[in-house]
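Take 26 as the starting number for the sequence shown in our numbering and just add one per residue.
Glycine included, every Cβ here is placed at the ideal spot set by N, Cα and C.
Read through the structure below, which is laid out as C-alpha cells, and then see the notes.
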Amino acid sequence: MRIFYGVLGAFLILAPSAYALEVESPPVLAPLQQHAQAARLSAKFLTRFAYKPVPLDDALSVKIMTRFIKSLDPDRVLFLQADIDTFMADSAKIDDAIKREDLRIPFSIFNVYEQRIVGRMQYARNLLKHDFDFSVQEAYSLLRDEAPWPQSEGESDDLWRKRVKGDWLRLKLTGKADAVIRDTLDKRYETSLKRAFEYKSDDVFQSFMGAYTTSVDPHTDYFGPKAAAEFDISMKLSLVGIGAVLQERDDYTTIRELVPGGPAQLSGKLAVGDRITGVGQGENGAIKEVLGMRLDEIVQMIRGEKDSVVRLDILPVDAGPDGSHRLISLTRDKISLEKQAARKSILSVKDGDATRKIGVITLPVFYEDFEARRKGDRNYKSASRDVAKLLGELKRADVDGVLVDLRNNGGGSLTEAIDLTGLFVGKGPVVQQRGADGKIKIERDDLPTPAWKGPVGVLINRGSASASEIFAAAIQDYGRGVIVGEPSFGKGTVQTVVNLDRAANNRKPKFGELKLTIAQFFRVNGGTTQLRGVTPDIILPSLSDPKGFGEASYDNALPWTQIKPANYTPAGNLAALLPQLQSRHDARVRNDRDFRRFVEDIAELKVQREKGVVSLNQAQRRIELSAQATRLKARTQINGGVDLGEDDGLQANERSLSADIAIENARRNAKDVLLNEAAAILADEADLQEHAP
Numbered sequence: 026m027r028i029f030y031g032v033l034g035a036f037l038i039l040a041p042s043a044y045a046l047e048v049e050s051p052p053v054l055a056p057l058q059q060h061a062q063a064a065r066l067s068a069k070f071l072t073r074f075a076y077k078p079v080p081l082d083d084a085l086s087v088k089i090m091t092r093f094i095k096s097l098d099p100d101r102v103l104f105l106q107a108d109i110d111t112f113m114a115d116s117a118k119i120d121d122a123i124k125r126e127d128l129r130i131p132f133s134i135f136n137v138y139e140q141r142i143v144g145r146m147q148y149a150r151n152l153l154k155h156d157f158d159f160s161v162q163e164a165y166s167l168l169r170d171e172a173p174w175p176q177s178e179g180e181s182d183d184l185w186r187k188r189v190k191g192d193w194l195r196l197k198l199t200g201k202a203d204a205v206i207r208d209t210l211d212k213r214y215e216t217s218l219k220r221a222f223e224y225k226s227d228d229v230f231q232s233f234m235g236a237y238t239t240s241v242d243p244h245t246d247y248f249g250p251k252a253a254a255e256f257d258i259s260m261k262l263s264l265v266g267i268g269a270v271l272q273e274r275d276d277y278t279t280i281r282e283l284v285p286g287g288p289a290q291l292s293g294k295l296a297v298g299d300r301i302t303g304v305g306q307g308e309n310g311a312i313k314e315v316l317g318m319r320l321d322e323i324v325q326m327i328r329g330e331k332d333s334v335v336r337l338d339i340l341p342v343d344a345g346p347d348g349s350h351r352l353i354s355l356t357r358d359k360i361s362l363e364k365q366a367a368r369k370s371i372l373s374v375k376d377g378d379a380t381r382k383i384g385v386i387t388l389p390v391f392y393e394d395f396e397a398r399r400k401g402d403r404n405y406k407s408a409s410r411d412v413a414k415l416l417g418e419l420k421r422a423d424v425d426g427v428l429v430d431l432r433n434n435g436g437g438s439l440t441e442a443i444d445l446t447g448l449f450v451g452k453g454p455v456v457q458q459r460g461a462d463g464k465i466k467i468e469r470d471d472l473p474t475p476a477w478k479g480p481v482g483v484l485i486n487r488g489s490a491s492a493s494e495i496f497a498a499a500i501q502d503y504g505r506g507v508i509v510g511e512p513s514f515g516k517g518t519v520q521t522v523v524n525l526d527r528a529a530n531n532r533k534p535k536f537g538e539l540k541l542t543i544a545q546f547f548r549v550n551g552g553t554t555q556l557r558g559v560t561p562d563i564i565l566p567s568l569s570d571p572k573g574f575g576e577a578s579y580d581n582a583l584p585w586t587q588i589k590p591a592n593y594t595p596a597g598n599l600a601a602l603l604p605q606l607q608s609r610h611d612a613r614v615r616n617d618r619d620f621r622r623f624v625e626d627i628a629e630l631k632v633q634r635e636k637g638v639v640s641l642n643q644a645q646r647r648i649e650l651s652a653q654a655t656r657l658k659a660r661t662q663i664n665g666g667v668d669l670g671e672d673d674g675l676q677a678n679e680r681s682l683s684a685d686i687a688i689e690n691a692r693r694n695a696k697d698v699l700l701n702e703a704a705a706i707l708a709d710e711a712d713l714q715e716h717a718p
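Here it is as C-alpha cells:
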C-alpha cells in the first residue's frame, strides 16, 4: 500500500494564425464503456472505504454537478444562464447514472462546453477586425467566480468585448503596433479554439471524476491510466526517455531544455529550440508526423522501454519552415528528474563582526521510488536518503545551522516524512494516525541518533502541506528547531492509492487509480494540522491569499480536532529563545530596505487582489503603469541588479524561446528576501544557543 500526504493540482495545457473564419463544430464526445465501469468501481470504494464515507445520493449528485460545471467554466464567461438551468435540471440524476454505468449527462455538458469555446473564440477573433476606444471609462472584472452567469448572448458578447479590449490594451501599453497586437491575439484565441477540437473522451472523464472525488473530500482524486503514470513518475523522480523538456510553440513541439546527462544532451544531436516534426519507433519504424498532435501524446510516443531506440525528425532551431530536416536516432535511458530532488546551498550570514555559515536544504517534494524499494534496489530514489547525504556534506563544510526550505512542498510519501524527521530528532514517535474505525496508530522513526544535532530551522509557506506539515510540526513539538514563514496549508488527512485495474483483475491499464482519504493524522502533541496548519514561531510576510488557497478555502474540509498526546520526550526547548529571536528579527527587518520594499510589494499585491477589476481606460492605466515601473526599479535593486522585466503583455509561448528562458532564469536568480531572513533567524538561534548560560 502506498500512503501519500500531498496536495495535487490538475491542469490543462493550451496548445498553439490567419484571421477568423467560419469554423465547423468540434467532435461530439461520448463515454467509453471502461469509463462507466471505472466510475462505478470508484463509487464502491468511496462509499465503503473512505475515512468519512459519503453516500452516492441526490445530495452528492448536486455537488458533483456544481463542481463539474465550475471546473469547465470557473470564471463564468462561457456558459449562459440558460445552459446552467438546463444542466442543473439533471443535477440529481448523476448518482443513478453512475450506478447504471451511463455517463451521457456529463458528456453532453462537455459537448456544450466545446461549442461555447468555439463560439466565444470566433467572436473574440472577429472583434480584432475593429478598433477599440480606450478613452471610455469602463472596467473589466477579474473576479467572476461568484458573478451571475450571462443572461443573454448580448450580455456575453459585452463581457468578451471587454475581455478582448483588456488583452489589446495590455499589449498596447507595451508599445506594440496595432498590426502586431492583432496578430498576437488572433494566434492566442486560435490556440484556445484548436484545443476544443483536441479534447478526447478520456479528458472529459478525468474532469468528471475529479468533480466526483473532490465532492467527497478535497484530497480524494482520480487518475486515468495516463495521469496515474505521470503521478508515479512524480513520486519516483525518474522516467525512461531521451531527457528533453518539450514545449508547444507555434504549432511545433519544441525542445525547451535538455536534461544534463540524458541521451539527448549526451548525443550532441539536439539543441534548445529544435522542433520535432516526426517520431518513429525502433531502428526501422516508420516516421509518424506529429504536427498538430497534442503535446502529451507526442511525449508518450518519445518515452518507452530502457535501451529501446526512438527516431526523431528534427527541424533545426535556425531553419525556416521550409528548411532542411535531419533524422536522428536516440537510445532511451532512465532519466533522473533532478529539479525536484533535494539540493543544498550555503548562505553566509553576518553576525556582528563574525560570519555564520547556514546550510540550506531545499526539498520540493517528499519523493520515493516505491517500486524500486519493493524490488530491493539498494539505490532507490528517496528524499530522506538524499537529505542524509546532503547533511553529511554540510557537516564537512562546518556549517553553523541547517535550514530546511519546504516552501510550496505539497507533500508526498509518509515514510519519507517520518524518516526525514528522524534525521533531526532521532528515535521516537513522529505522527499519529486515526483511521475510519477510530483506532490510533503511532508512526515512529527508529534512527538511534540524529544525523544532524546542530541548530535547525524550517521555512514554510501556505503551499507547504501534508508531509511538510508532519515534519515541521514534529520539529516544533520536539523543540528541535525554529519554524519560520507563514501558516501552512492545513491538510491533515492521509490518502492511499488503489489500483482499480488490479482490483478488477485487468491485465492491461484501463480503469486507472483512485486516491482516497483513509485516515487523519495528528501531531505528537495531540493536535492536528487539519484546517489550521502549522503556525510558525516567527511569522514572515505572506504572498498568498488565505481565503482562496489552503484547507480552509474548501467547503467540505474536515474540522480541527485533537486526541491524546503520544508518549514522546522533547529534544529541546526553544520557548525561552523565541522572544529574543522575534526581537532580533523585528530590529533587523526594520532597517532592511530590501525587506521593507518586499512588504510594500505584498501590500500592493493585496490591494490589486481585492480590487478585482482592471481599468480599460488608457490614460488611467498609464498612471498605474508608471507607479508599477517605479516599484519595479526598486525590486531590481532588491534582486541584486537582476531585472525581472516589465509586463510585456505576452503569454509564455508567445515570446521568443530565448526571451522566455531569460525571464525564467532571472526569476530563479532573484534575491530571495524570505530565505535570507530565515537564514538570519537561524543564525540568531545558533548564537543564542551557543551563548546560553
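Reduced DSSP category for residue i - H, G, I as helix; E, B as strand; rest coil
i	result
aspartate 672	coil
isoleucine 719	Beyond the ends of the chain as shown, which are 26 and 718, falls residue 719; an answer cannot be given.
glutamate 736	No information on residue 736 is available, as it lies outside the stretch 26 to 718 that the chain covers here.
phenylalanine 547	strand
arginine 274	strand
serine 513	coil
tyrosine 165	strand
valine 229	helix
glycine 666	Confidence at glycine 666 is low in this model, with a pLDDT of 47, below 50, so the placement of that residue should be treated as unreliable; the coordinate-derived value is given next. Looking at glycine 666 - three-state DSSP - the assignment turns out to be coil, as it is neither helix nor strand.
Cβ-Cβ separation, residue j to residue i (assumed contact under 8 Å), whole Å
i	j	result
glycine 517	phenylalanine 496	Going by Cβ atoms, the distance from glycine 517 to phenylalanine 496 rounds to 13 Å, so no, they are not a contact pair.
lysine 369	isoleucine 386	5 Å
leucine 641	tyrosine 148	So it is not a contact: roughly 17 Å between Cβ atoms.
leucine 57	serine 226	6 Å
aspartate 83	aspartate 120	6 Å
proline 584	alanine 577	That belief does not hold up - the Cβ atoms of proline 584 and alanine 577 are roughly 11 Å apart, past 8 Å.
leucine 388	alanine 408	6 Å
phenylalanine 391	glycine 329	The pair is not a contact, with the Cβ atoms about 28 Å apart (cut-off 8 Å).
phenylalanine 449	proline 475	6 Å
valine 632	proline 566	Actually they are not in contact, since the Cβ atoms of valine 632 and proline 566 sit about 14 Å apart, beyond 8 Å.
valine 455	isoleucine 443	5 Å
leucine 153	leucine 210	6 Å
glycine 249	phenylalanine 222	Contact flag wrong, Cβ pair sits at about 20 Å.
glycine 268	valine 284	4 Å
proline 288	leucine 372	So it is not a contact: roughly 35 Å between Cβ atoms.
Residue range of the beta strand (DSSP E) that includes residue i
i	result
threonine 446	Taken as a continuous stretch (DSSP letters only), threonine 446 belongs to no beta strand (DSSP E), being part of the alpha helix (DSSP H) at 439 to 450.
tyrosine 247	246 to 248
glutamate 625	No beta strand (DSSP E) contains glutamate 625, which is instead part of the alpha helix (DSSP H) from 618 to 636.
asparagine 524	518 to 524
arginine 195	Segment 178 to 197 is the alpha helix (DSSP H) holding arginine 195; no beta strand (DSSP E) there.
valine 385	379 to 387
glutamine 365	No beta strand (DSSP E) contains glutamine 365, which DSSP labels as neither H nor E.
serine 354	351 to 356
6 Å CB neighbourhood of residue i in its chain, flanking five on each side removed
i	result
isoleucine 508	Val483, Ala497, Gln501, Pro561, Asp562
arginine 351	Ile339
lysine 589	Gly551
alanine 296	Val342
N-terminal and C-terminal residue of the alpha helix (DSSP H) that residue i is part of
i	result
proline 131	129 to 152
valine 87	83 to 97
proline 604	603 to 615
serine 409	408 to 421
tyrosine 214	203 to 220
arginine 73	58 to 74
proline 288	288 to 292
threonine 111	106 to 113
arginine 125	Here arginine 125 belongs to no alpha helix (DSSP H), and DSSP marks it neither H nor E.
Contacts around residue i, its chain only, beta-carbon distance under 7 Å, and the 5 residues preceding and following it disregarded
i	result
proline 99	Asp170
alanine 311	Gly305
glycine 666	Only weak support exists for where glycine 666 lies, its pLDDT of 47 falling under 50; the coordinates are left without a value.
Residue i Cβ short of 7 Å to the ligand MG heavy atom set
i	result
proline 78	By its list of ligands, the structure shown contains no ligand whatsoever, and the ligand MG lies outside what it can speak to.
Proximal residues to residue i (C-beta, below 8 Å), its chain only, five neighbours per side dropped
i	result
leucine 103	Leu97, Tyr138, Arg141, Ile142, Arg145
arginine 469	Ile443, Lys452, Gly453, Pro454, Val455
Pairs of beta-carbons, one from the segment 499 to 506 and one from the segment 591 to 598, closer than 8 Å: are there three or more? Yes: the two stretches touch, three or more of their Cβ pairs being nearer than 8 Å.
Do three or more CB pairs link the segment 82 to 91 to the segment 233 to 246 at distances below 8 Å? Touching, yes.
Does the segment 262 to 273 come close enough to the segment 359 to 367 that 3 or more CB-CB pairs lie under 8 Å? Touching, yes, given that three or more Cβ pairs across the two stretches are closer than 8 Å.
Can we say the segment 529 to 541 touches the segment 244 to 261, given the rule of at least three CB pairs closer than 8 Å? Result yes; three or more Cβ-Cβ pairs closer than 8 Å.
Between the segment 512 to 526 and the segment 422 to 430, are three or more C-beta pairs nearer than 8 Å? Counting C-beta pairs with one atom in each stretch, the segment 512 to 526 and the segment 422 to 430 have fewer than three that are closer than 8 Å, which means they do not touch.
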